[in-house]
Amino acid sequence: MTSTKEIKNQIISVINTKKITKAMEMVAVSKMRKTEERMKSGRPYSDIIKKVINHVIQGNLEYKHSYLEKREIKRIGIIIVSTDRGLCGSLNTNLFKQVLFKIEKFAKTNIPCDLILFGLKSLSVFKLCGSNILAKATNLGEKPQLEELIDSIEIILKAYQYEQIDKIFIAYNKFHNKMLQYPKITQLLPLSRKNIENTGSNNWDYLYEPESKLILDTLFNRYIESQVYQSILENIASEQAARMIAMKTATDNSGNRIKELQLVYNKVRQANITQELTEIVAGASAVSID
């Protein structure tokens, strides 16, 4: 039978763990508020530039941008946004499952995949899988700067422009609310007219100054950059929310475990007292008989 000293040590250990998880929960709550505000402040720009792009590509563009070309798919690229740290539940695991499923789906038709990785967790997983990694960016922190991401984004955009990649996806965790974050994989390129609200006849176009090529090149690149950056902000907010939930669950489980150990401790202690009383009574009986 386990001694009371061992049980007491276990209780102390779980109490210390509970203190740590509670502190981490409070830190995650504080960080989540800041990252959620930052994520929400970026959504208007991301949504507006998406509407502009959707409206532009419905017209009769004189300049046919490469981002609008539909090609035979020979190779795909996926931008994967994960966390740098763990202790956030199944956030990364659920995302990686969907990415691996998509990679496997294309692999069945002999279409290879190139990856751009943001976050240490994605690097540790897909490096072991032997995936072809074009670029990576880690240790982004809670407030990443777009300048730190541009180089990695440009690598996959150039690969698309040079027809080394025929379709680009981005995979990240979408922040719905504090209790719900879900993995999402969306197509970045080529730009598609699917799910675009029809504004009427397409026999029109914009007047561009100085020229359509210069403006559309800049506009489309800014669109891709904004979508990638907003996805990273969404993922960071999801990370803090998931960590808050995970640490709260760990704190609650620690409390339940402490109650269970205290119950076991009391039972063992009572059994020891009963045994000692039995031995005393037995010893007294033996003395009286003598």
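Residue numbers (the numbering used here): 196 to 485. Note that beta-carbon positions come from the ideal geometry of N, C-alpha and C, so glycine has one too. Just so we're clear, the structure is a prediction, and the values are computed from it rather than from any experiment.
DSSP lists Lys-369 as the bridge partner or partners of Tyr-377.
Annotation: the continuous alpha helix (DSSP H) that includes Lys-353 extends over 341 to 356. In this structure Met-234 touches Glu-429 by the C-beta definition: roughly 6 Å separates them, less than 8 Å.
Taking the C-beta atoms as reference points, Glu-404 is found no nearer than 7 Å to Thr-278.
Our two residues, Ile-244 and Tyr-424, have alpha carbons roughly 13 Å apart in a direct line. Excluding residues up to 5 positions away in sequence, Val-209 lie with their Cβ nearer than 7 Å to the Cβ of Arg-452 in the same chain. By the beta-carbon neighbour count (other beta carbons within 10 angstroms, threshold 16), Glu-231 is buried. Between the stretch 341 to 359 and the stretch 304 to 316, the count of C-beta pairs closer than 8 Å reaches three or more; the two stretches touch. Of Ala-302, Thr-199, Ile-271 and Leu-282, the smallest CA-CA separation from Ile-215 is found for Leu-282. Between the stretch 353 to 366 and the stretch 441 to 461, the count of Cβ pairs shorter than 8 Å is below three; the stretches do not touch. Ranking Gln-253, Lys-226, Lys-259 and Lys-203 by CA distance to the CA of Leu-409 puts Lys-259 first. Ile-268 is a Cβ neighbour of Lys-362, given a cutoff of 7 Å. Across the structure, Thr-199 and Ala-218 are spaced so that their CA atoms are roughly 29 Å apart.
The residue among Ile-275, Glu-406, Val-224 and Cys-324 with its C-alpha nearest the C-alpha of Tyr-367 is Ile-275. From the listed residues Ala-432, Gln-465, Thr-444 and Ser-319, the smallest Cα separation to Ser-225 is found for Ala-432.
Shortest Cα-Cα distance from Leu-263 to any of Gln-382, Phe-296, Met-374 and Ala-441 involves Gln-382. Contact between Val-294 and Ile-380 holds, with the beta-carbon distance rounding to 7 Å and staying under 8 Å.
Here DSSP, grouped into helix, strand and coil, assigns Asn-305 to coil. Rounded to whole angstroms, the separation of the alpha carbons of Cys-324 and Ala-302 is 14 Å.
Looking at the DSSP output, Lys-229 shares a beta bridge with no other residue.
According to the DSSP assignment, Lys-316 belongs to the alpha helix (DSSP H) that extends over 315 to 323.
In the three-state scheme derived from DSSP, where H, G and I count as helix and E and B as strand, Leu-282 is classed as coil. Around Lys-322, the same chain offers Ile-328 as residues with beta carbons nearer than 8 Å, after the five sequence neighbours per side are excluded. By the neighbour-count criterion, in which a residue is buried when 16 or more other Cβ atoms sit within 10 angstroms of its Cβ, Pro-239 is exposed. For a cut-off of 8 Å, the C-beta gap from Asn-289 to Pro-378 is around 5 Å, short enough to register as a contact. In the displayed model, Lys-338 falls within coil according to three-state DSSP, outside both helix and strand. Taking all protein chains in view, the Cβ of Val-476 is surrounded by fewer than 16 other Cβ atoms within 10 Å, so the residue is classified as exposed.
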